Amino acid sequence: MASSSMEINMDTLYDDLMSLCSQDDTFYYKDVRLYSIKYRIFNYRLCSYATFQLRTAALNCRGTMFNISNPKNIQLVSLPQKKFFNYEEGFGQKQFHEHGRFGDKMEKMDGTLISTFLHGRASKEVRLKSKQSLTSKQVIEAMQLLVDEFKSEIERLVHLNYTVDMEYTSPSNHVFISYSQPQLTVLCIRSHANGQTLFGTRLKTFLIENNFPT
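Under full-length UniProt numbering, think of the first position of the sequence shown as 1, with each following residue one higher.
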């Protein structure tokens with residue numbers, strides 16, 4: 001898989017996403033409420049490789065969510081990994097797809113992408129979301145797996161200002177690969193400070209250096 005090197009500007013991300021949605025209806029947002037908190041989730045419909053490369057913030061219009069309860073203090077609460085592409089995508093451009101040039105290897109999971117977010121006003125609670133929903137069947141089932149030491153580790157990462165991306169797999173939540181039991185598998189973490197994503201060996205190194213079990 002390959003991804004673009006287009007930089008993310010954290011200071012203007014919300015405005016960039018709003019501008020993107022106003023310019024191209026391929027990209028959109030949905031407002032949802034969880035109890036008294038109002039959130040805005042940005043997503044995309046079917047979209048070409050070229051459009052993702054040409055539009056500012058397009059790669060980050062993939063489940064990114066903001067707390068918009070206070071219009072004067074809009075807060076980023078969930079920053080899933082940016083859009084990535086299959087190996088053959090990208091018009092065959094060598095800089096993206098030189099044969100044998102891989103940065104890292106990970107197992108391809110066959111389930112639903114689940115991301116963390118901090119919910120609430122004063123006392124923040126770590127909750128889970130899919131790309132489009134806070135209350136879907138998959139989200140509810142995934143929340144049931146967020147327990148004990150695993151929950152504590154995820155909460156610690158979130159309070160360090162990271163979004164944790166996980167794959168939710170189960171006997172009933174897959175396309176091709178069968179799973180014997182429900183499971184949440186950590187894929188990567190992404191910083192709210194600079195948008196950097198850590199996965200594979202870089203994530204393992206970060207966890208070891210910060211005294212997380214691996």
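Yeah, the Cβ is synthetic: ideal placement off N, Cα and C, and Gly gets one too.
Since the model is a prediction, treat every value here as computed from it, not as a measurement.
Notebook entry, point to check: Is there a Cβ from chain C that is less than 8 Å from the Cβ of L157?
Noted result: Absent here is chain C; the protein component of the structure consists of one chain.
Item checked: Buried or exposed by the 16-neighbour rule on C-beta atoms within 10 Å, applied to Y44 -> Here residue 44 refers to the residue found at position 44 of the sequence shown. Its Cβ being crowded by 16 or more others within 10 Å, Y44 is buried.
Margin query: From the DSSP secondary-structure annotation, give me the bridge partner or partners of E183.
Written below: Here residue 183 refers to the residue found at position 183 of the sequence shown. The sequence given here places Gln at residue 183; Glu does not occur at that position. BP columns for Q183 point to T169.
Notebook entry, point to check: Ordered along the chain, which non-local residues of its own chain (more than five positions away) have a Cβ less than 7 Å from that of H119?
Noted result: Counted from its first residue, the sequence shown places residue 119 at position 119. So the list reads L34, I37, E125 and R127, once near-sequence residues are dropped.
Next item on the list: Quick one: give me the first and last residue of the beta strand (DSSP E) that V77 is part of.
Entry: Walking along the sequence shown from the start, residue 77 turns up at place 77. Its beta strand (DSSP E) spans residues Q75 to S78.
Notebook entry, point to check: Around the Cβ of P80, are there at least 16 other Cβ atoms within 10 angstroms (buried) or fewer (exposed)?
Noted result: As a position in the sequence shown, residue 80 is number 80, starting the count at 1. Under this definition P80 is a buried residue.
Note to self: Out of I41, T26, L76 and F27, which one is the CA nearest neighbour of T163?
What the structure shows: Working through the sequence shown from its first residue, we reach residue 163 at position 163. Minimum Cα distance to T163 is reached at L76.
Item checked: Counted within 10 angstroms of its Cβ, other Cβ atoms place K129 as buried (16 or more) or exposed -> Within the sequence shown, residue 129 is the residue found at index 129, counting from 1. Per the 10 Å Cβ criterion, buried.
Note to self: Can you tell me whether F117 is buried or exposed? The criterion is at least 16 other CB atoms within 10 Å of its CB, across all chains shown.
What the structure shows: Within the sequence shown, residue 117 is the residue found at index 117, counting from 1. So F117 counts as buried.
Notebook entry, point to check: Rounded to a whole number of angstroms, what is the C-alpha to C-alpha distance between M1 and D104?
Noted result: Mapped onto the sequence shown, residue 1 falls at position 1. Mapped onto the sequence shown, residue 104 falls at position 104. Bear in mind that the predicted position of M1 carries a pLDDT of just 40, short of 50, making it unreliable; the figure below should be weighed with that in mind. In a straight line, the C-alpha of M1 is about 10 Å away from that of D104.
Next item on the list: Could you spell out where the alpha helix (DSSP H) holding Y14 opens and where it closes?
Entry: Reading the sequence shown from its first residue, position 14 is the one you call residue 14. Run containing Y14: L13 to Q23, per the alpha helix (DSSP H) assignment.
Next item on the list: Find the nearest neighbour of F176 within the set S78, K108, H159 and N194, judged by alpha-carbon distance.
Entry: For the purposes of this step, residue 176 is taken as residue 176 along the sequence shown, with counting starting at 1. If we check each option's Cα against that of F176, K108 comes out closest.
Next item on the list: Assuming Y14 and F85 form a contact by the criterion Cβ under 8 Å, report the distance between their Cβ atoms to the nearest whole angstrom.
Entry: Stepping through the sequence shown from its first residue, residue 14 is reached at position 14. Stepping through the sequence shown from its first residue, residue 85 is reached at position 85. Between F85 and Y14 the Cβ distance is about 25 Å, and since that is not below 8 Å, they are no contact.
Next item on the list: Compare the Cα-Cα distances from L46 to each of L184, M10 and C61 and report the closest residue.
Entry: Residue mapping note: residue 46 aligns to position 46 of the sequence shown, counting from 1. Ranking the options by Cα distance to L46, first place goes to C61.
Note to self: Give me, in chain order, the residues of the same chain whose beta-carbon lies closer than 7 Å to that of L203; leave out the 5 immediate sequence neighbours on both sides.
What the structure shows: The residue you call residue 203 lines up with position 203 of the sequence shown. Once the five neighbours on either side are set aside, the close Cβ partners of L203 are C188 and I189.
Item checked: For D31: DSSP bridge partner residues -> Sequence index remark: in the sequence shown, residue 31 carries index 31 (1-based). Note: D31 sits in a beta bridge opposite R40.
Notebook entry, point to check: Out of curiosity, what's the CA-to-CA distance linking M18 and S136?
Noted result: By 1-based counting over the sequence shown, the position of residue 18 is 18. By 1-based counting over the sequence shown, the position of residue 136 is 136. Cα-Cα distance, rounded: 25 Å.
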